[in-house]
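Everything on this sheet refers to the single structure shown next.
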Amino acid sequence: MAFADKYLKKQRMYPEYITTTVDENLNMIVTVPCYDEPDLIPSLEALWNCDRPNGVVEVIVIVNSGEQTEQKALDQNAKTIADATAWMETHQDEKLKFYLIHQPKLKRKFAGVGFARKIAMDEAVARFNHIDKANGIITGFDADSTCDANYLVEIEKLFKKYPKANGANIFYEHPLEGEEFDQQIYDAIAQYELYLRYYMLAMRYAGHPHAYHTVGSSFAVSASAYIKQGGMNRRQAGEDFYFLQKIIPLGKFYEIKTTRVIPSPRVSDRVPFGTGKAVSTFVDEGIIDYQTYNYSAFKELKAFFDKVDDFFGVDYDTYLNDLLVQLPGSVRSYLKEDNFFEALDEINKNCASIDTFRKKFFGAFNAFKVLKYLNNVHEQFIDEESIVVCAKQLLSDLGINTKGIYSAKELLDIYRTYEKEN
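Residue numbers for the sequence shown, in the numbering used here: 72 to 493.
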C-alpha cells in the first residue's frame, strides 16, 4: 500500500490525467494553474532555462475553465493549449518533463484557482504515489510568473538539507521597472509588495511564530505534508493563504532566499482579491499613498505575545483580573469579544508543559485570528495609516535608519535586503 492511497481515494476529484510511467528518480513536481492566460510560454521558458537539479522534475500545467466561463476566456484557453502543446513537443529532456492537462466545465461553485491548484497538486501526489515517494516535493507556481535559473536547484537543496521539511516559501520579487507595463503599474506593485513584506515582518516582530509569506506562486511542500493536511482547498481566491496556514503550524517550515520567483505585476480581475486585483484597484482609483494596518496595532499585539507564558495554567479570575488588565485596550477588547478564554482554558486542560502550551496557544491565536484582530481594532480604535509611514516605523524598531527615504520603492529595497539577510 503506497503512502497516498487513502488520500487519493477520498480526495481526488478526477481520474489520473497523466498515464506515462513515473521515473524512479522523480523528486519534484511544479504545478501551474492556467486560466485565460496569454503569458504561459514565458513562464515555461523560465522553467526550461533552469539549471537541472539531481533529481527528475515534472511540470504540470492545468488549463481550466468553469461551467459559465465566457467564450473569450475559452478561446484564450484553446489558444494556450495549442501553443503550449506545440512548445512542449520540443522541450523535454531526461531531467525536466512538461505535461498539460485540460479540465473544462468546473462546477460553478468551485471554479477558480484553488480548485485548479488542487487538481494539479493531487495529480502530483498521484505521480509520487506510483513510486511511493512521500517526501516528493510539490511546488506552487503561476502561469504569469518567471524565476531565476537556480530555482529548481535551490528548492532541491533545501529539502535535501532538511529531509523532514514540511514546506517552504520561496523568495519573490515583482519587477519594479521596465517597458512591459505603464509606470503606474510599477508604482502600484511597489506599494503592494511593500505592504506584503511589512505585514509579514510586523507580525513576526510582534512575536507570532507562523509569520511567513503565503504567495501562491512561490511555495513548496512535501507530498506527505500535503496529504496530512487534507490537500489544497477549492477557494476561488486566497487559497494559498488558507492552504499554507495549515502547513506552517506543522513546523519544519523554511524560507528559500537563494533564488527568486518573479510574479507578474499586471492588473487582473480574475479573482476578487490578491496581487492582480490589488494592482487593478490601485490603478483604477489612482492610489499613490496606500493606507494599511496601523503599526501601533502590531505593537499592541506584541505586548500580548510577549506575555504568552503568563497565560499557562491560569484560571478565569487570574485571566480576567490580573492578566487582561495589563494588556492594551484594543487587545483586551478583542479577547473579550472573541471569548478567547474558552480556547485558552481548553488549551490549558490539555497541556503539561510550557512548550506544548506555546504551540497550542499560537494554534488558537493563529494567522486568521491576527487578521480578525487587526480588522477589529481598526473598526473600533484606530485609523489606517500610510504604508510608507508604517514601513518606516517598523524599520526603526528593527534598528534600521530610514532618514531621507520616503518612497515605497526605496523602502521596498530595504525590506527585500533585510529579509534576505535575516
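Positions of the beta carbon are idealized from the N, C-alpha and C atoms, including for glycine.
Next item on the list: Could you have a look at P104 and say whether DSSP puts it in helix, strand or coil?
Entry: strand
Check: Any C-beta of chain D sitting closer than 7 Å to the C-beta of A368?
Finding: In the structure shown, chain D does not exist; there is a single protein chain.
Notebook entry, point to check: Any idea if E165 is buried or exposed, counting beta-carbon neighbours within 10 angstroms, 16 or more meaning buried?
Noted result: exposed
Item checked: Alpha carbon of D107 to alpha carbon of I471, nearest angstrom -> 43 Å
Note to self: If you measure between the beta carbons of Y361 and A239, is that distance less than 7 Å?
What the structure shows: no
Item checked: DSSP state of C218 mapped onto helix, strand, coil -> Looking at C218 - three-state DSSP - the assignment turns out to be strand.
Item checked: Between the CA atoms of T363 and N446 - distance to the nearest angstrom -> About 11 Å.
Check: Identify the residues that DSSP records as bridge partners of I241: which are they?
Finding: The bridge partners DSSP lists for I241 are I327.
Notebook entry, point to check: With a Cβ-Cβ cutoff of 7 Å, do V101 and F199 count as a contact?
Noted result: no
Item checked: T151, DSSP secondary structure in three states -> helix
Note to self: Which of the three DSSP states is assigned to M192 in this structure?
What the structure shows: Helix at M192.
Check: How do the stretch 414 to 434 and the stretch 382 to 389 stand: do at least 3 beta-carbon pairs fall below 8 Å, yes or no?
Finding: Result yes; three or more Cβ-Cβ pairs closer than 8 Å.
Next item on the list: Please report how far the alpha carbon of K328 lies from the alpha carbon of P334, in whole angstroms.
Entry: 15 Å
Next item on the list: Identify whether M99 lies in helix, strand or coil by the three-state DSSP scheme.
Entry: strand
Next item on the list: Within the stretch 249 to 313, note down every full alpha helix (DSSP H) run reaching 4 residues or more, in order along the chain.
Entry: 254 to 277, 294 to 299
Next item on the list: Give, in chain order, every unbroken run of the alpha helix (DSSP H) that is at least 4 residues long and sits entirely within the stretch 356 to 429.
Entry: Listed in chain order, the complete alpha helix (DSSP H) runs (minimum 4 residues) inside the stretch 356 to 429 are 366 to 376, 400 to 408, 411 to 420.
Note to self: Are the CB atoms of V402 and E356 within a distance shorter than 7 Å?
What the structure shows: no
Notebook entry, point to check: Between I241 and the rest of its own chain, which residues show a CB-CB distance below 6 Å, the 5 nearest in sequence each way excluded?
Noted result: S289, I327, V332
Checklist line | Integer-rounded CB distance, given that H279 should sit under 8 Å from F433 | finding: The Cβ separation is near 6 Å, so the contact holds.
Next item on the list: Compute the Euclidean distance between the alpha carbons of L483 and E264, then round it to the nearest angstrom.
Entry: 7 Å
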